[in-house]
Each structure stands twice: as structure tokens, then as C-alpha cells.
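Under the working numbering, think of the first position of the sequence shown as 2, with each following residue one higher.
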Amino acid sequence: MTQPAARPDGRRIRAVRPPADAAAKPSPSDAPAAMETKPVPAARKTARRTAASTASAAAGRPPAPSHLEIVPAAPARRAAGDKDLPLREDIRFLGRLLGDVLREQEGEAAFDIVETIRQTAVRFRRENDRAAAAELDRLLKRLSRDQTNQVVRAFSYFSHLANIAEDQHHNRRRRVHALAGSPPQPGSLARALQAIDAAGVTGRTLRKFFDEALIVPVLTAHPTEVQRKSILDAQRDIARLLAERDQPMTAREREHNTAQLRAKVTTLWQTRMLRNTRLMVVDEIENALSYYRTTFLHGIPRLMRELEEDIAAVFPASRKAKAEPAPLPPFFQMGSWIGGDRDGNPNVTADTLEYAACRQALLILEWYLDEVHALGAELSMSSLMVEASPELLALADASPDHSEHRADEPYRRALIGIYARLAATCKALTGQAASRHPVADAEPYASAQAFAADIQIVIDSLRSHHGQALANARIDGLRRAIDIFGFHLASIDMRQVSDVHQAVIAELFAAAGVEADYAGLSEDRKLELLLAELRQPRLLTLPWHEYSEQTRSELRILAVARELRARLGHRVARNYIISHTETLSDLVEVMLLQKEAGLLRGTLGSRQDPARMELMVIPLFETIDDLRNAAGIMQSLLDLPGFGAVVANQGGEQEVMLGYSDSNKDGGFLTSNWELYKAELALVQLFAQRGIKLRLFHGRGGTVGRGGGPTYQAILSQPPGTVNGHIRLTEQGEIINSKFANAEIGHRNLETVIAATLEASLLPTQNAPKDLATFEGIMQRLSDHAYVAYRDLVYDTPGFKDYFFATTPITEIADLNLGSRPASRKLMDKKNRRIEDLRAIPWGFSWGQCRLLLPGWYGFGSAVRALLDSAPDDKALKATVATLRRMVKTWPFFSTLLSNMDMVLAKTDLAVASRYAGLCDDAALRKAVFQRISAEWHLTCEMLSLVTGKQERLADNPLLARSIKNRFAYLDPLNHLQVELLKRYRAGKDGDDVRVRRGIHLTINGIAAGLRNTG
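And the structure:
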């Protein structure tokens, strides 16, 4: 099977048909085949054939020919500068292994079917063979249920394997650049620091920046990760084994490596691809935690160390001679929504919050215990050989270890004592005993800072007694990790939709006799009641009243948050996000709920005892109207009597979250991005006037339609003044796996976030073109036109919702066991379902499945066309086009916007989408809607070419263009089969609905794997 590449450096793979096919045209010479076939006598036994293939693969030579035997293509000529040849060889190798496993597990007939479909799809796509399209359709329609599942799994797993090869190639290319001494690449810390130095930023300014900075990626449990953890674990093993092949190997070692890879591919094939049951929140918690040991625990401390070294190299004046680089504060931390995000998810409760926090604490404490244990083995220095500091000796003397064998080994005795205290801490905080028992009981640490202080004593002693090299090794990473992760690992954000808060407050007021109909009051009256209650010393909650389950649950989760902060430290829970913030009362309601739970102390407006909140109240502005009202609502919040003291207690800063997904679903791609841009600028101006630090939290998803795209460019394209060293951003769904499953890929992704934040904060002039006012005026006009076009289609076209539900697998996606969260905030049936109630995640996911990706481009063509039509004459028309082109060249916001849209347009396939349109039984509706979508796509492509001056999609990134184009041949069978299965399932003609439904879910998995950034 051949590669549907998903990365810019992907290369298409040549499809080679049997020589007997005399009519076959030769495949492009730049694409080696993943599988070639040669006819031989059919009597050859499968076992002998498989053994020969495996042995030959291990030796790196073609196996003996056999009937439809998988063999390597002819040796590729290693042309000078062909940097992607290793990628193609890896993909061919993994494809060969998959073919071997397919034939071994399912038989020759199954292999023949898959290979025939592959060749036909390639012939159709790459050679524009119209007859092949009809042949492919016939082949796929004739498949039995079992054959369908085999084909889907084969194409899906090849996508997974190709993705692994591409990730490995990214790591390989970075290493090649490093070995060659190439200049630092864009997105690297070294490149960012060099640019900052060239701009005249001093080392003192840089140090001040890091002292005040806070960068937090936040992992969320949005259900677009369609792979099971068992599959992900096997893929990690394959990635590790594939990476080993880049190192020198003996023939035996290579043969052993190949055998292990084959075993792992076999594991993939024999492992159930789909979940039998829906994920629980606890499953999502465990899945997220798996990335910490893979990437974050070692990766973030390593990144901090490298940053210090780069700063010392670029800013030598900031470093004393022969001194260690100045340690940086823990400005880079991790966040999580998993276990605390209740918005639309009734499965998240106080119990899940406590479970998430305890599991996080257990993971980090177990890691600390492992590291301290390893240090005890490594730091074997004898006092007979080298001295130690008095503090270290005191730590050793306090240790419960009194063995004569270690009497002269103070470091080991000290670490044994540290281990005993840490084991006691683990037991006290989590209830779990350490896997290795301490030598004796000890007092637990009161805080992570106390643990860090003991580790610092060890480090200081090493450095002052000729142990600098040892101090810079494992223990340095441990010390940094304590500052970053504490005893809590990651801050858990709490989130709930504003409607729930209102209902809880209404019940509390009614039960207390304060107000019988709080929900029906005007905004002014609501605020009057809320503020009056905040000034009351008594609680509103009645101890013996029987409140509703919802109210009890909301109050209890806040109470648990208070307990967790007291036990694990204040960083375990410090943010409370209010979804659908539309009014000031939405924020004040949560302040009152915090008071009821003991999380707000003092009195709002009191000088003697000012209010102090433990959880920062953070609005989430999601819809277009919400974004437009954001600055006004925040101004009203800052104007509240006494809120200045609240902000001061928060460190003089306030966070605001911006929603990319819902604003896109509400207003379309162009308007969503523009309203986000304007809201950020308005907030920056407001906070600058008040002298308050603004931290923006970007709720970005995986797809471009949900704020996705390269993180580096996304941060650099933010409006000037909006970053300033403070940024939080979500990492969602399958993007978490693609970014962080591989440690080196994860390291690079974390590095780009820091580099982009540095550049966006300290080089703001790069983001401010001279014609900015003119550009913003044109962008407003484009947004107005695009908004009308988008809303007219999605919300004002009669029957559009029915078309959407009929022509996408949205219903089947909702049934797929992707995550613990429902696809809609409200229960939906055919009569009552609305686009407004649908979550933005399955909305975008569905458009990706049918290959339209409408949320990432619709409306742009109409907007540009309307702008050009408004020009009074040819001269004005030319001037408008010239201005648009200057916007592309000099305005990062606009160029990034168009670059992301360009990629989405390249992934769109109207021919495939038309097959999904056929699922709509209403012929008139089908024709009306699909023709509008098709016309807008063509117009958008035309207008984008006019604005950029590039006729082809992704003209500036030919590698990505080829990668996307070549993947189509491997997605076509999956899309065709999905449509066919949807027809069968919805018609109810098949006797085994469960197996057909399973086939649909397999295609969803496969298409998502092929497209990668789907969620």
C-alpha cells in the first residue's frame, strides 16, 4: 500500500501494476512503489513465501518473486539533494511489511483485492483515467461486509504507518541540519534569540521578560482522537523501531529490528481498531497522562536548559565568566481541561475532578521517586574522595539510612532520606504507596518547594565540590521539573456554561427567599442582587434545604477544588472559565458561587477586608456577537467596585479566553478570524489604559476552521501587543497525538511555542505594516461580505440542516465511541435538531470526512468578488488588487489567514463530496445546496489566485501540495466505501446493521488518520 502523505516533506509513491498489464502506463519516475507484484506459480506455499520476504527485507534486498509477492522497487538512484529519499524508502519498507501481514493474516485473496483497489485508485487519481473511476466504483460496491472491513483497515493502517515515517523524517532532517551546522531554522529558539539580539533587545530586557512570562499549552478531551490507546502504543513502538534503523546496524541487528517491526505491524492488524464502548472521563485522563512520560516530564526541563544555553551564547554579557547560565523561572507550564470541563458533559463531576488531580499527583510523584532512586545509584561519591557541603552532610545525617556500607557516601544517604520523605508525601497526597518501599518511615514534605530545597542542597554541594558535570545531568532536570510540575503536574481548568450558573443562582435565591424569578430579571437587577449578596458576610446556601442534583453538583465541585488547592498546592486549580459569556452577570454569578464554596474571602468593595478569589473568573467569548461585546463586558467587570483588589490579588493580571470554533460555526472562517483580531485589539487597549496585564487564552482546534494551522505562524500573526509573554492555548483531539506522541516531535512543537511567543512579544514592529489602517478597513469590508454569504448558506437556506445531516456522517460520528462528551449540548432528534445546538467539533469533523472542509474557506470568494465589484472603474479595481497583494506580503495576520485557507482548499475534493451529496434524497435540495457550495469553492480558488498571484494551490509549498494530492488516491476507497455503507445503513436493507455500522466507523477512523488535522 502506498502513502497518503500528510506532511510538507511527503513524497508520492509509485504504483506499479503487474507486467502482464500491457496497457498500463509507467508511473512517475520520482515515486518508488510501496508494493510491487510479480506473477509466479500459484503452488508456492504462503509460509515459504512469507519467510523469504521477511528474510530478504531484513537483509535489505528484494525477495524472490512469488505470486503477487511484495518486493522492493528497483533501487532508487540517490540523486544529489534528494533529501526525501529516506522518507520514501521508509514508507516503501513499512508498506511492504503491512502487505506481508495482510496476506499472512487474511489470505492471498484479501491481498489481491486490496492491491487491485489500490492500483485502480492510483490509476484514476494520478493518470486521470476516467475508466478507472467507474472500475473503482464497481470494485467497491461488490465487496462483502468482511472484505469491506479488510480494505478499510488496510488503507487506514497504511496511513498510520506513513504518518510515522513522516514524523521520523522530520526528526532526521532536523538532525541533518544540526550536524551540518546549518543556520537556525525558523521556529527555533536560537533563531528567535538571534532576531531579538539583532533588534537591539538587551539581556536585561530578556530576563525581565522571562520573569513575567507565562506560556501554557492546555490539553483538552475534545473527542476527535479516533484512535484507541492500544493502537497509539503500538504506533509509538513502531516509531521507535523505525528510528533505530537510522543508526549503524549489523546484518543480525537489522534482521532483528525488522522482525520486531513486523511483530508490531501484526499487533496493529490483530488489535481492535474501534472502541466497543464510549470513553469515560477517567479513560481520557489516563490517555492524556501517557504523554507526560513520553514527552513532557523530560522534554520541558530539557527545553528550559537549552534555552538558558542559547541565551548565554547569544547574550554573553548576561553571563558571568565560567558561571552556569542563569536559571529561568518556570514560565512554561502545562494545563488541562480533562476532569474539570463540565460544559455540555454531564459525566464530569466533583469525583472526576478529584480523580484527575490525584492521578496527576500520583504520576508526578512516582516519576520523582524513580528519578531520586536513580540518583541514589548514580551519586556514589565517597567523603574519602571528595568533600560535601555542610548542608548536604546535615541532610545525610538526618536520613533514616544508617547502613555501615554507606557511611562514607553522604549523597546516597541524603537521597535515601529524600526518597523516604517523598514516599511519605505520595502516600499522604494520593493514598498510594511507593512501588519501592523506603528504608524507614519519614515525615512527608509540606510542599513541592520543600522538596525542591532539598534537591537544591544536593546540586549546590556538587557544584561547589568539583561535581559540576554531575549537577548538570539527571538532577538538574529533576530540579527544573519540580518548579514546573510541583506536586500537581498540570493546572486543571474548571469550565461550565453560563446557563448552568444562572440556574444554580436562581435556585439559591429562590430557596433563600431573596428572589423567586432571578432568570427573568433584567441585567441591571441581576447585578444589583448579585453584588448585594457578595457584600453580605453570611452564606446564601441553606444547610438543610434539599437542592436539585445540578445545584448540589455545582457546589460540590467547587468545594472539592478548594480541598485540592489546600492539599496539592494552589496551581492545581486556579482558573474558572465561563462558556458563552454574554453579560457581566455571567461572571459575577461565578464569583458568588465561589463565595458559597469558601473560594472567595473578604468583601467586594471593602477596604478593610478586600475580596480575594482563589479561582480567576475567565470569560469565554465564543460567538460573533460575544466577540464584539468582549471589551465592553471586560470594562464593566474592571469597573466593579472592589474588583481592582481582586485583580491585585491575582498578580495584577486577568485572563480572557477567545473561542475559535463556535465563532467560526457562527460567522464563517473570514469573519471569525477578523472578529477575533478586533476583539484582541480592543482588549489590549482597554487593559493598557487600566494598567492591568492581559493574558489571552486561545481556544484553538485541530482544523483550520477551528483555529488550527501551524502554531508558530498563528502566534506570530496575532495583533501587536496581544501576546506580551502571556499566552495559553488549547491542544485538542488527535492534534495532541500528532504533536506529542513522539518525544522529538513534541520537543520541536514546544520549542516553536516559546520561540513564537518571544518574537511576537519582543519584535512587535514586525507585525505592524505601514498601511495597517488601510488593510484593516479592507478586511472589515471583506468580513462583512463573507459573513452575509456564510450565514445565507448555513442559517438562511431552507433545508440546509437537513442537507448537512443527510450528506455527512454527523449522526454516525455522534454514535462513534470517540469521547465522553456528547456531540451536542442538547439532545437532538430529527424534528428539533439545529446547527446552533451542534458542537463545533463534530461540525468541522463531519465536513472533513466528506472532503469539503467548508468551515475553512466558505465565503472568501464571494467577499473578494463583492469588494472588486464595488470598484468604480478599472483604475480603482487595479488599486484594490494591488492593496490586497500588499496585505499578503506585509501583514502576517492576512498572509497566515490565506495560507491556512490555501491548504484547506487543496484538501477539498468536490468529486468525492458530490458522492456524499447523493445521500440527500431531496433532489431539489441536493442540487441547490451542492451547486452553491461548488460555485463558492471555484470562486474562492479563483479569488485566492488573484490575490496571491499564484494559480496553483500551495504554490509556495510544493512538497505539501504533492503530499496532499497523492494522498487522494488512498483516501478515495475509504470515502467511496463510507458513502456506500451509509446508504446501506440508513436504508436498513442490510440484515446486520451492527457490522455495517462498524464498517462506517472504521472508515471514519481511516479518513481521519489520512487527513491528520481533522478535529
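Don't be surprised by glycine CBs; every beta carbon is placed ideally from N, CA and C. Just so we're clear, the structure is a prediction, and the values are computed from it rather than from any experiment.
Quiz item: By Cβ distance below 8 angstroms, which residues in the same chain neighbour residue 466 in space, the five residues on each side in sequence not counted?
Solution: 387, 388, 389, 390
Quiz item: Thinking C-alpha only, which one of 247, 847, 230, 290 is nearest residue 272?
Solution: 230
Exercise. Could you tell me whether the region 600-617 touches the region 515-526, where touching means 3 or more Cβ pairs closer than 8 angstroms?
Key: no
Practice problem: In angstroms with no decimal places, state the Cα-to-Cα distance between residue 470 and residue 479. | Solution: 15 angstroms
Practice problem: Please look up how many angstroms separate the CB atoms of residue 122 and residue 137, rounded, as I've assumed it's under 8 angstroms. | Solution: 6 angstroms
Quiz item: What whole-angstrom Cβ distance do residue 787 and residue 669 have, given they're in contact under 8 angstroms?
Solution: 6 angstroms
Exercise. Please determine, among 536, 580, 1010, 999, the residue with the shortest C-alpha to C-alpha distance to residue 277.
Key: 999
Exercise. Counting only runs of 4+ residues fully inside the region 464-547, write out the alpha helix (DSSP H) ranges in chain order.
Key: 469-472, 475-486, 499-513, 524-535
Quiz item: Alpha carbon to alpha carbon, how far is residue 928 from residue 912?
Solution: 14 angstroms
Quiz item: residue 735 and residue 1009 look like a contact to me (Cβ under 8 angstroms); what is the Cβ gap, rounded to whole Å?
Solution: 7 angstroms
Quiz item: If you draw a straight line from the alpha carbon of residue 421 to that of residue 372, how long is it in whole angstroms?
Solution: 13 angstroms
Exercise. Grab me the residues of residue 791's own chain with a C-beta within less than 6 angstroms of its C-beta, minus the 5 sequence neighbours each way, in chain order.
Key: 669, 859, 860
Quiz item: In the structure shown, what three-state DSSP assignment does residue 426 receive?
Solution: helix
Quiz item: residue 361 and residue 190: beta carbons closer than 9 angstroms?
Solution: no
Practice problem: List the whole-angstrom C-beta distance separating residue 744 from residue 716, where the pair is believed to meet the contact cut-off of C-beta under 8 angstroms. | Solution: Residue 744 to residue 716, Cβ: 22 angstroms. No contact.
Quiz item: Which residue spans inside the region 177-204 form an unbroken alpha helix (DSSP H) run of at least 4?
Solution: 190-199
Quiz item: Should residue 554 be labelled buried (16 or more other beta-carbon atoms within 10 Å of its own) or exposed?
Solution: buried
Quiz item: How about residue 717: is its Cβ closer than 8 angstroms to a heavy atom in the ligand GDP?
Solution: No copy of the ligand GDP occurs in the structure displayed, which carries no ligand at all.
Exercise. Find out if the Cβ-Cβ distance for the pair residue 758, residue 728 is shorter than 9 angstroms.
Key: yes
Exercise. Return the CA-CA distance between residue 1052 and residue 782, expressed in angstroms with no decimal places.
Key: Residue 1052 falls outside the range modelled here, since the chain spans only 2 to 1016, and no answer is possible.
Quiz item: On the three-state DSSP scale, how would you describe residue 9?
Solution: Because the pLDDT at residue 9 is just 32, under 50, the model does not fix this residue reliably, and the value given afterwards should be weighed accordingly. Residue 9 falls in the coil class under three-state DSSP.
Quiz item: Quick one: what does DSSP say residue 617 is sitting in, helix, strand or coil?
Solution: strand
Quiz item: Does the region 496-503 come within contact of the region 575-582, defined as at least 3 CB pairs closer than 8 angstroms?
Solution: yes
Quiz prompt | Residue closest to residue 219, alpha-carbon to alpha-carbon, out of 1011, 415, 342, 676 | solution = 342
Quiz item: So is residue 848 buried or exposed if we call it buried at 16+ other beta carbons inside 10 Å?
Solution: buried
Practice problem: Take residue 589 and list the residues in its own chain whose beta-carbon comes closer than 6 angstroms to its own, dropping the five residues that flank it on each side. | Solution: 531
Exercise. Determine the extent of the beta strand (DSSP E) in which residue 696 is found, giving its start and end residues.
Key: 694-700
Self-check item: Other residues of its chain near residue 740: CB distance less than 8 angstroms, five sequence neighbours each side excluded
Solution: 732, 746, 747, 750
Practice problem: Sort 923, 506, 170 by Cα distance to residue 591 and report the nearest one. | Solution: 506
Quiz prompt | residue 369, enclosing alpha helix (DSSP H) - first and last residue | solution = 351-379
Quiz item: At which residue ranges does the region 534-610 contain complete alpha helix (DSSP H) runs of 4 or more residues, listed in the order of the chain?
Solution: 550-569, 585-597
Practice problem: Just list the alpha helix (DSSP H) runs in the region 725-757, keeping only unbroken ones of 4 residues or longer that don't cross its boundaries, in chain order. | Solution: 735-741
Practice problem: Put residue 635 into one of helix, strand or coil per three-state DSSP. | Solution: helix
Quiz prompt | First and last residue of the uninterrupted beta strand (DSSP E) at residue 658 | solution = 654-660
Quiz item: Among 547, 510, 525, which one has its Cα closest to the Cα of residue 540?
Solution: 510
Self-check item: Element boundaries [beta strand (DSSP E), containing residue 219]
Solution: 215-220
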